[in-house]
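Sequence lines, in order, name chains A and B.
Each residue of the first sequence is one higher than the last, beginning at 124 in this note's numbering.
Each residue of the second sequence is one higher than the last, beginning at 124 in this note's numbering.
To start, the structure itself, in C-alpha cells.
There are 2 protein chains.
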Amino acid sequence: MTESVQTASRQEQKERTRQAILASALELTRTEGFAQISLRQVARHAGIVPTAFYRHFDSMDELGLALVEQSFSTLRRMIREAQRDPKVFDNIIDAAADVLVEAVKHSKAHFAFVARERVGGSAAVRRAIQHELDLFVSELAVVLARLPNIENWATEDVQMVSRLFVRNMVSNAEEVVEMPDGRPDLEEKIKEGARRQMRLIVIGFRDWKS
Amino acid sequence: MTESVQTASRQEQKERTRQAILASALELTRTEGFAQISLRQVARHAGIVPTAFYRHFDSMDELGLALVEQSFSTLRRMIREAQRDPKVFDNIIDAAADVLVEAVKHSKAHFAFVARERVGGSAAVRRAIQHELDLFVSELAVVLARLPNIENWATEDVQMVSRLFVRNMVSNAEEVVEMPDGRPDLEEKIKEGARRQMRLIVIGFRDWKS
DNA sequence: AGATTGAGTGAACGTGCGTACACTCAAAGT
DNA sequence: ACTTTGAGTGTACGCACGTTCACTCAATCT
Numbered sequence: 124m125t126e127s128v129q130t131a132s133r134q135e136q137k138e139r140t141r142q143a144i145l146a147s148a149l150e151l152t153r154t155e156g157f158a159q160i161s162l163r164q165v166a167r168h169a170g171i172v173p174t175a176f177y178r179h180f181d182s183m184d185e186l187g188l189a190l191v192e193q194s195f196s197t198l199r200r201m202i203r204e205a206q207r208d209p210k211v212f213d214n215i216i217d218a219a220a221d222v223l224v225e226a227v228k229h230s231k232a233h234f235a236f237v238a239r240e241r242v243g244g245s246a247a248v249r250r251a252i253q254h255e256l257d258l259f260v261s262e263l264a265v266v267l268a269r270l271p272n273i274e275n276w277a278t279e280d281v282q283m284v285s286r287l288f289v290r291n292m293v294s295n296a297e298e299v300v301e302m303p304d305g306r307p308d309l310e311e312k313i314k315e316g317a318r319r320q321m322r323l324i325v326i327g328f329r330d331w332k333s
Numbered sequence: 124m125t126e127s128v129q130t131a132s133r134q135e136q137k138e139r140t141r142q143a144i145l146a147s148a149l150e151l152t153r154t155e156g157f158a159q160i161s162l163r164q165v166a167r168h169a170g171i172v173p174t175a176f177y178r179h180f181d182s183m184d185e186l187g188l189a190l191v192e193q194s195f196s197t198l199r200r201m202i203r204e205a206q207r208d209p210k211v212f213d214n215i216i217d218a219a220a221d222v223l224v225e226a227v228k229h230s231k232a233h234f235a236f237v238a239r240e241r242v243g244g245s246a247a248v249r250r251a252i253q254h255e256l257d258l259f260v261s262e263l264a265v266v267l268a269r270l271p272n273i274e275n276w277a278t279e280d281v282q283m284v285s286r287l288f289v290r291n292m293v294s295n296a297e298e299v300v301e302m303p304d305g306r307p308d309l310e311e312k313i314k315e316g317a318r319r320q321m322r323l324i325v326i327g328f329r330d331w332k333s
C-alpha cells in the first residue's frame, strides 16, 4: 500500500518499453506488412534484446492483436469527440468527411496497419479487425435508424446501408493512407469524393422502395 | 521452321512447369499471403528443385506480377463473355450480381490473391493490382456514360460513380472469397446485398443534383 | 538490512531461407 | 552423326530467424 512515487518506476519503465515495442512494430509496418516483420527487427528497433520481447508479449501474434486494440481505441475516441460537435447535426455528411480525413491523417500508421492487416494479416489479427468493424456497422446502424427518412425501414435494410457506409469509410481511409504528405489538394479531393459518395447514397435513401 | 510435333515437347514441358509454379504459388497463398511464402516452398510444391525456379522467374516478385496478370485476364474473359448475354441490358444489376458471385466462385484462389495482395502485397504487386483496378474504373465509366440518366453528367461525376461501383465490387468479392463452400444461402445473401447496394446507387443517379 | 522479484542480457542451438556454382543429359539444331 | 542448348539437379555457403537457458542487478517487498 506504500506505493506512490517510487513504486511507479518499475511499472512505468515496463509500460514505456511496451509502448516502444508497439511503436516500433507500427513504424516497421509502414513499409512491410506485419506478417513479414520479425520479432528480432521489432526488438532491435525498440532498443531491447530479442528475449526481452517475451516479457511483454508471448508472440508476434499477440503483439498484432494489441495493435488492433490500440488502433480502434484511437478511432473510437476521435469519433466520440466528433459526436459532441453540434455541427454534425447540421451537415452530417461534410462532418463525416472531415472527421475521416483528419482522423486518418492524425494516426496514419494505425489506419495503415488496420487497412493492410484487415485482409493481409494472420487469421487471428484478421478476425479481430473484422470483429471491430462489425461492431462499427452495428453502432452506425443505431445512429442511422434515427434519421428522418430511415426511421421506419426494415432492420436489415438499415444494416445494409450501414455496411455500405463503413465499407466506403474503409476504402476512403485506404486512399488517405496512401496519400503523400503535404498535398492538401489531394486531401480535399478525397474529402470531396467521400462527400459525393455519401450524398449519392443519401439521395438513394429518400426514394428507397418508392 | 521444322517445328511441328516434337518441337513442342520442350516448350510444352517448360510451360507445364511454369503453370505448376503459378498453381503452387496460388495454392500456398490460400492460407498464407504471398509475401510470406518462400521460393523454396513454391519449388517444393511444384515438384522442382529451388534453383530450377530461376529458369522461369527472376524472383518471387516477378512471380507475383505474373499471378496478377493471370488473375485479371481470367476476370476480363468472364466479363467479356457476360456482356454478350442479352439479358444484361434488361436488368444490369441482377446480371452484375450474378456475374460477380459466379466469377469469384469459379476462380476463388485468383480473387483471394488479388483481394489480399491489393493492400498487403509488395509495393510492385500492389501497384500492378491498383493499375488494373484503375483500368476497370475507366472501362466501366465508358459503359455507364451511355446509360439514360447519366449521359449528360460531368465526366468526373461518372468517374466517381464508377469508382463507387468497382470499390463495392471488390468488397463483395472479398466477402465471396471468405464464404465457406457449399453454402448457397450465404451466396444468395451476398448477391442480394450486392443488388441492393447497386439499386441504392442507381436510385441516387436518378435524382443526382436535382 | 536482507531476501525476492522480474525486466533486460548474451551466448548458443537448430532451421529454413535465397542464391552461387558446377553438373547432367535429352531434345533441338546443324 | 555431331554439337549446342537449356530445363532441371545437388551441394554448399552465409545469414536471419525464433526460442532455450543461465545470468545480472536494481527496484521492491518483508
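For every residue, glycine included, the Cβ atom is placed at its ideal position computed from N, Cα and C.
Nothing here was measured: the structure is a model prediction, and the numbers come from that model.
Q: Look at the Cβ atom of A/Val242, then the Cβ atom of B/Gly316, and state whether they are nearer than 8 Å.
A: Position 119 of the first sequence holds residue 242 of chain A. Position 193 of the second sequence holds residue 316 of chain B. Their beta carbons are not under 8 Å apart, which means A/Val242 does not touch B/Gly316 by this criterion.
Q) Span of the alpha helix (DSSP H) holding B/Leu270? A) As a working note, residue 270 of chain B is residue 147 in the second sequence. Note, B/Leu270: premise wrong, no alpha helix (DSSP H); not H, not E.
Q | the stretch 251-265 of chain B touching the stretch 185-192 of chain B, judged by at least three CB pairs closer than 8 Å | A | yes
Q: Using the Cα positions of B/Thr125 and B/His233, report the straight-line distance between them to the nearest angstrom.
A: On the second sequence, position 2 is the one that residue 125 of chain B refers to. On the second sequence, position 110 is the one that residue 233 of chain B refers to. A caution first: B/Thr125 carries a pLDDT of 37, below 50, which makes its placement in the model too unreliable to give a value.
Q | Neighbourhood of A/Met292 by C-beta distance below 7 Å, restricted to the same chain and skipping five residues each side | A | Indexing the first sequence from 1 puts residue 292 of chain A at position 169. These residues qualify, in order along the chain: Leu223.
Q.
With a threshold of 8 Å between beta carbons, is A/Val242 in contact with chain B?
A. Numbered from its first residue, the first sequence carries residue 242 of chain A at position 119. True, the Cβ-Cβ gap to chain B drops below 8 Å.
Q | Neighbour-count burial assignment, A/Gly327, 16 or more Cβ in a 10 Å radius | A | One-based indexing of the first sequence puts residue 327 of chain A at position 204. So A/Gly327 ends up on the buried side.
Q) Helix or strand or just coil, what does DSSP make of B/Met302? A) Reading the second sequence from its first residue, position 179 is the one you call residue 302 of chain B. Three-state DSSP puts B/Met302 in coil, outside helix and strand.
Q | Interface residues of chain B facing A/Gln268 [CB-CB closer than 7 Å] | A | Within the first sequence, numbered from 1, the residue matching residue 268 of chain A stands at position 145. Note that residue 268 of chain A corresponds to Ala in the displayed sequence, not to Gln. Within 7 Å Cβ-Cβ: nothing; A/Ala268 doesn't reach chain B, min ~16 Å.
(Q) Please state whether the Cβ-Cβ distance between A/Asp184 and A/Ala235 is less than 8 Å. (A) Numbered from its first residue, the first sequence carries residue 184 of chain A at position 61. Numbered from its first residue, the first sequence carries residue 235 of chain A at position 112. Result no, Cβ atoms of A/Asp184 and A/Ala235 do not sit closer than 8 Å.
(Q) Taking the alpha carbon of B/Met321 as the reference point, which residue from B/Arg207, B/Ala158, B/Ala220 has its own alpha carbon closest? (A) Counted from its first residue, the second sequence places residue 321 of chain B at position 198. Checking every option, the nearest Cα to that of B/Met321 belongs to B/Ala220.
Q. Three-state secondary structure (DSSP) at A/Val172?
A. Reading the first sequence from its first residue, position 49 is the one you call residue 172 of chain A. In this structure, A/Val172 counts as coil in the three-state DSSP scheme.
(Q) What I want to know is whether the C-beta of B/Pro303 ends up closer than 7 Å to one or more non-hydrogen atoms of the ligand ATP. (A) Annotation note on the ligand ATP: not contained in the displayed structure, which lists no ligands.
Q: Kindly say whether A/Leu188, judged by its beta-carbon, lies nearer than 8 Å to any beta-carbon of chain B.
A: Position 65 of the first sequence, counted from the first residue, corresponds to residue 188 of chain A. No - not a single Cβ of chain B is within 8 Å of the one on A/Leu188.
Q. Quick one: is A/Ser264 near chain B, going by C-beta distance under 8 Å?
A. As a first step, residue 264 of chain A is located in the first sequence; it is residue number 141 there, counting from the start. According to the sequence provided, residue 264 of chain A is Ala. The question's Ser does not apply to it. So, not an interface residue.
Q: Count the C-beta pairs between the stretch 154-167 of chain B and the stretch 157-177 of chain A that are closer than 8 Å, then say yes if the count reaches three, no if not.
A: yes
Q: Report the rounded CA-to-CA distance for A/Glu262 versus A/Asp181, giving the unit in angstroms.
A: Counting from 1 along the first sequence, the entry for residue 262 of chain A is found at position 139. Counting from 1 along the first sequence, the entry for residue 181 of chain A is found at position 58. Spanning the two alpha carbons is a distance of roughly 32 Å.
Q: Determine the chain A residues that contact B/Arg318 at a beta-carbon separation under 7 Å, and present them in chain order.
A: As a working mapping, residue 318 of chain B is identified with position 195 in the second sequence. Ordered by position in chain A, no residue passes the 7 Å Cβ test against B/Arg318, which lies about 10 Å from the chain.
Q | Amino acids of chain A, ordered along the chain, whose beta-carbon sits closer than 8 Å to that of B/Gln159 | A | Numbered from 1 along the second sequence, position 36 holds the residue referred to as residue 159 of chain B. Those within 8 Å of B/Gln159 in chain A are Ala158, Gln159.
(Q) Distance cutoff 8 Å, beta carbons only. Does B/Leu287 sit that close to anything in chain A? (A) Within the second sequence, the letter at position 164 stands for residue 287 of chain B. So, interface residue.
(Q) So, with DSSP's three-state summary, where would you put B/Asn291? (A) What you label residue 291 of chain B is simply residue 168 of the second sequence in a count that begins at 1. Residue state, collapsed to three classes: helix.
Q | Residue-chain proximity (A/Arg306, chain B), Cβ-Cβ < 8 Å | A | Position 183 of the first sequence, counting from 1, holds the residue named residue 306 of chain A. No - not a single Cβ of chain B is within 8 Å of the one on A/Arg306.
Q: Would you kindly work out how many angstroms separate the C-alpha atoms of A/Gly305 and A/Glu150, rounded to a whole number?
A: Looking up residue 305 of chain A in the first sequence gives position 182. Looking up residue 150 of chain A in the first sequence gives position 27. Their backbone Cα atoms lie some 19 Å apart in a straight line.
Q.
Check whether the stretch 132-149 of chain A and the stretch 163-176 of chain A are in contact - that is, three or more C-beta pairs closer than 8 Å.
A. yes
Q. Can you list, in chain order, the stretches of the beta strand (DSSP E) that have 3 or more residues and sit fully within the stretch 180-245 of chain B?
A. none
Q. Which term fits B/Glu340, buried or exposed, when burial requires 16 or more other beta carbons within 10 angstroms of its beta carbon?
A. The shown model of chain B, from 124 to 333, leaves out residue 340 of chain B, and the question about it has no answer.
Q: Return the chain-ordered list of same chain residues with a C-beta closer than 6 Å to the C-beta of A/Arg163, the five sequence neighbours on each side being excluded.
A: Locating residue 163 of chain A in the first sequence gives position 40, where the first residue counts as 1. Excluding sequence neighbours, A/Arg163 sits near Pro173.
Q.
Can you pull the chain B neighbours of A/Asp330, defined as C-beta to C-beta under 9 Å?
A. The residue you call residue 330 of chain A lines up with position 207 of the first sequence. Chain B residues near A/Asp330: Ile326, Gly327, Arg329, Asp330.
**Q.** Beta-carbon proximity list for B/Ser285, same chain, < 7 Å, skipping 5 on both sides
**A.** Against the second sequence, residue 285 of chain B aligns to sequence position 162. The answer, listed in chain order, is Val260, Leu263, Ala264, Leu267.
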